[in-house]
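Notes follow once the structure below has been shown.
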Ligand SMILES: [Zn+2]
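Printed below as a string of structure tokens:
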């Protein structure tokens, strides 16, 4: 995205050193971030994403020495996204990827500390407000980047078209024609997302991006993933350095709020059997999604200060492990206790009642009440 050569992903020029040439690296809205799903705030005012991509707008594929990229015709709003957190359509300029050496790492954003092997970024710009991509790239509301996680699993049919073209752009600085590719084929079926205000994840790290990170990942095969790793950071004349681990680690949240387009699913509550008071949906009991917590200041700052690159053999810094006991864990304990009590009561009540009856006592049968 930049054409600068003074930065990279190695120990000598990697993300922990970028601040020397780009002080904004330590700014207040840097990307990527670790998205902590329980701290994201469900915002019912967020609209569904409206993605309208056309097949005839892709132009070429290239290796810029940092990633592999496909660029698009952006003279009109035919290939654009709107809706979601966006005020107006943003035109697709290019997409590219970030990946690791193994399945353990590669994505830039992480979810609850979990990395994915690869992340796709579709970069769009606000052509309603700015006249060129160059102008938009440095403006606070200039860009909208959609992030899609890739996980290793089934082969992805249309990804083959892309990975089959990689041999033409193996070396840094190479490019090839790449027409009639519709990037919507790379998107998951589900379009639930998180959104927050962030930055470019590569120098010049401008704080100009409205991030839209899709919750659902797509799958590609290990073989397809290996083709990404066969690309090179280097030119044909240089010593070969495989293009891997081209990702920036998560940056401090610094008070930002991550909004979710969806209610939290799979909450920690287990509904107790037979009693309507414990049923899901009962507002007295089921608080999932009803009272989101505000994210606390992210003080981990794990990308700053340390030598991140020295750990780049895919042994990422430890995922966030809050020292305080989570409310979720407490609620689960309470649930378990209630459930055990209920089981014991059901197990012992019947024989006890029978015994009392046999002794001539009058006993009300609670079993018939459904309790
Ligand atoms: Zn990117």
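Residue numbers (the UniProt record's numbering): 1 to 371.
From the three backbone atoms N, C-alpha and C, an ideal C-beta is built for every residue, glycine too.
The region 38-46 makes no contact with the region 143-159; the number of CB pairs closer than 8 Å stays below 3. Looking at the backbone, the Cα of residue 235 and that of residue 111 are separated by about 34 Å. Judged by the Cβ position, residue 124 fails to qualify as a neighbour of ligand 1 at the 7 Å threshold, every heavy atom of the ligand being at least this far. If you check the C-beta of residue 98 against ligand 1, you find a heavy atom less than 7 Å away. Bounds of the alpha helix (DSSP H) holding residue 21 are 18-21.
At a cut-off of 7 Å, the beta-carbon of residue 109 does not count as near ligand 1: no heavy atom of the ligand is closer than that.
When DSSP assignments are scanned along the region 35-81, the uninterrupted stretches of beta strand (DSSP E) that are 3 or more residues long and fall wholly within it turn out to be 49-52, 58-63 and 68-72. In this chain, the alpha helix (DSSP H) harbouring residue 134 covers 133-136.
DSSP lists 124 and 210 as the beta-bridge partner residues of residue 144. For residue 25, the secondary structure class from DSSP, reduced to helix, strand or coil, is helix. For residue 238, the closest alpha carbon among the candidates 217, 176, 172 and 93 is that of 172. Distance check between residue 9 and each of 140, 203 and 90 places 203 closest, using alpha-carbon atoms only. Beta-bridge annotation (DSSP): residue 99 is paired with 118. Cα atoms of residue 6 and residue 23: separation of roughly 14 Å, rounded to the nearest angstrom.
Counting C-beta pairs closer than 8 Å gives fewer than three between the region 242-251 and the region 183-196, which falls short of the contact rule.
At a cut-off of 7 Å, the beta-carbon of residue 156 does not count as near ligand 1: no heavy atom of the ligand is closer than that. With contact defined as three or more Cβ pairs closer than 8 Å, the region 156-168 and the region 226-233 are in contact. Residue 175 is bridged by DSSP to 62. Taking a cut-off of 8 Å for Cβ pairs, the region 101-115 and the region 68-87 do not touch, as fewer than three such pairs fall below it. Going by C-alpha positions, residue 258 is about 30 Å away from residue 76.
Remark: the C-beta of residue 121 is in contact range of ligand 1, defined as less than 7 Å to any heavy atom. With fewer than 16 other Cβ atoms from the protein chains shown falling within 10 Å of its own Cβ, residue 241 counts as exposed. A direct Cα-Cα distance of roughly 11 Å separates residue 129 from residue 143.
Counting only the Cα atoms, residue 205 lies some 25 Å from residue 49. By the neighbour-count definition (other C-beta atoms within 10 Å, threshold 16), residue 56 is an exposed residue. In the three-state scheme derived from DSSP, where H, G and I count as helix and E and B as strand, residue 256 is classed as coil. Taking 7 Å as the cut-off, one finds no heavy atom of ligand 1 near enough to the beta carbon of residue 210.
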